[in-house]
Amino acid sequence: MSSTRYLFVLTLFSTLLLSCETEQISIPTLRQNVVYKADAQLNEVYFTDALKGIVVGDDGVFLNTIDGGLTWNVVPVPDSTTDFNCISFPSKLVGYVSGAPRTIMKTTDGGITWFPIAEDENFSYAVFPSEDVGYAINSYADVIFKSTNGGNTWTETNFSYTSGIYEPERIFFFSETKGIVIEDYFNEVSYTYNGGNTWTYAVEDDVMGGTQKHRKYDDISFWGYGYDTYMSGMYYTTDFGNTVDRFNNEGLIGSNYRWINRMNTYDGINYSACGSYIFAGSNDGGNNWTEYFTPEGRNFEMHDAAFVNEEVLVGINDSIIYQLTAF
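This is the structure we're talking about:
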């Protein structure tokens, strides 16, 4: 954390303590309770409801919970070297998890049980905008494939080098037919509007291409872009990317919103926002935010987090799963 940001938080904390001699003033703080320690880096957490959730990471780490994150169970995977990088739940019951090399796992009961699909394909990253339609990157051939039957069979789309993207790393689909392919190095994106039949030529797009994770809830797609530029912030679209709006920053201190790079929700009401030494939550659909700190008044940090209910979250940082509760 930069010294300027740290000094700002300490100054704010001191001001709150000294501003009133007779009234006790507190800042929002979170208690961290370690509930699980994995053997590798954790990459994503996602809950389908208040009880069922999953956490995935490198070296084949795949965990699920059915009690709101209090206990975690190991999900068997076909390749223990897989670095899982994408959780995609098009509905409450059907979900997919993908990673490199060549592993896609599927659930049809909300994340309780999982089974592998597309085992003979070299897919490294896959997203499913609906239960049946999905798109996956073959990182060995730089080709994007499509499935229309829940991952049982796949066909090659017309994506090629003529799109201007030479090493596709991530994809995201707003709907079954409209999506983007992303090249991280130049923050470039190429669009398709017809399910992969044709792709636009790549353009540099920091707001879309520079984000770590795009996510969906029903008809809203949302993401954070946290690189401390004037374009940084929290974004969403309700018309499949035709227009892009910002979430309010109400409740966030100063320009801290410019450091947020991940957002999460399973109900469209309770949102978490994580970034570089910033952690915030909203319980009203993203209209107002509470920025949380440590009990010592320092900025709070998690790699990713998800609400279980209005007062409890499950967060991941490095190789540890935490239960987070407000003081």
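Add 12 to the 1-based position in the sequence shown for the working numbering, that's all there is to it. In this text, a Cβ means the ideal position worked out from N, Cα and C, and glycines have one as well.
Compare the C-alpha of S100 against each of L82, G80 and G122 and name the closest. G122
7 Å CB neighbourhood of D240 in its chain, flanking five on each side removed: R270 and W271
Which residues DSSP lists as bridging M246, in chain order: G236
Determine the extent of the beta strand (DSSP E) in which V324 is found, giving its start and end residues. V324 to N329
Sheet register partners of G253 (DSSP bridge): None, per the DSSP bridge assignment.
Where does the unbroken beta strand (DSSP E) through G146 begin, and where does it stop? G146 to N150
Whole-number beta carbon distance between N150 and N164, since they are thought to touch under 8 Å: The Cβ separation is near 17 Å, so there is no contact.
Helix, strand or coil at N300 [DSSP, three-state]: coil
Which stretch, first to last residue, makes up the beta strand (DSSP E) that contains M275? I272 to N276
When burial is assigned at 16 or more other CB atoms within 10 Å of the CB, is S14 buried or exposed? Because S14 carries a pLDDT of 49, less than 50, the predicted location of this residue cannot be relied on, and the following value inherits that uncertainty. S14 comes out exposed.
R310 to G287, Cα distance in whole Å? 14 Å
Using DSSP bridges, identify the partner residues of D316. I328
Which partner residues does S100 have in the DSSP bridge list? Y108
With H, G and I counted as helix, E and B as strand and the rest as coil, what does DSSP make of T34? Any reading at T34 must be qualified, since the residue scores a pLDDT of 41, below 50, and its modelled position is unreliable; the value itself is stated next. Reduced to three states, the DSSP call for T34 is coil.
If you draw a straight line from the C-alpha of T189 to the C-alpha of G293, how long is it? 32 Å
Tell me whether V73 sits in a helix, a strand or coil according to DSSP, three-state version. coil
Pick helix, strand or coil for Y173, following the three-state DSSP scheme. helix
Taking its Cβ as the centre, do 16 or more other Cβ atoms sit within 10 Å of G69, making it buried, or is it exposed? buried
Let me check understanding here. Comparing Cα to Cα, which of W301, L54, V326 and N170 lies closest to T210? N170
Spatial distance of G208 from I281 (CA atoms): 32 Å
Y334 beta carbon less than 8 Å from that of N45: yes
Spell out a yes or no on whether the region 297–310 and the region 253–260 are touching, meaning 3 or more CB-CB pairs, one atom from each, closer than 8 Å. yes
If you follow the alpha helix (DSSP H) that G221 is part of, which residue opens it and which one closes it? D218 to G221
Assuming G162 and E143 are in contact, meaning their beta carbons sit under 8 Å apart, how far apart are those beta carbons, in whole angstroms? 6 Å
Alpha carbon to alpha carbon, how far is A338 from G238? Give it in angstroms, no decimals. 25 Å
Since G65 sits in a beta bridge, which residues does DSSP pair it with? F59 and T77
Assuming Y203 is part of the beta strand (DSSP E), what are its boundary residues? E200 to T204
Going by the beta-carbon positions, is the gap between S92 and D71 smaller than 8 Å? yes
Is it true that the CB of Y213 sits closer than 8 Å to the CB of G176? yes
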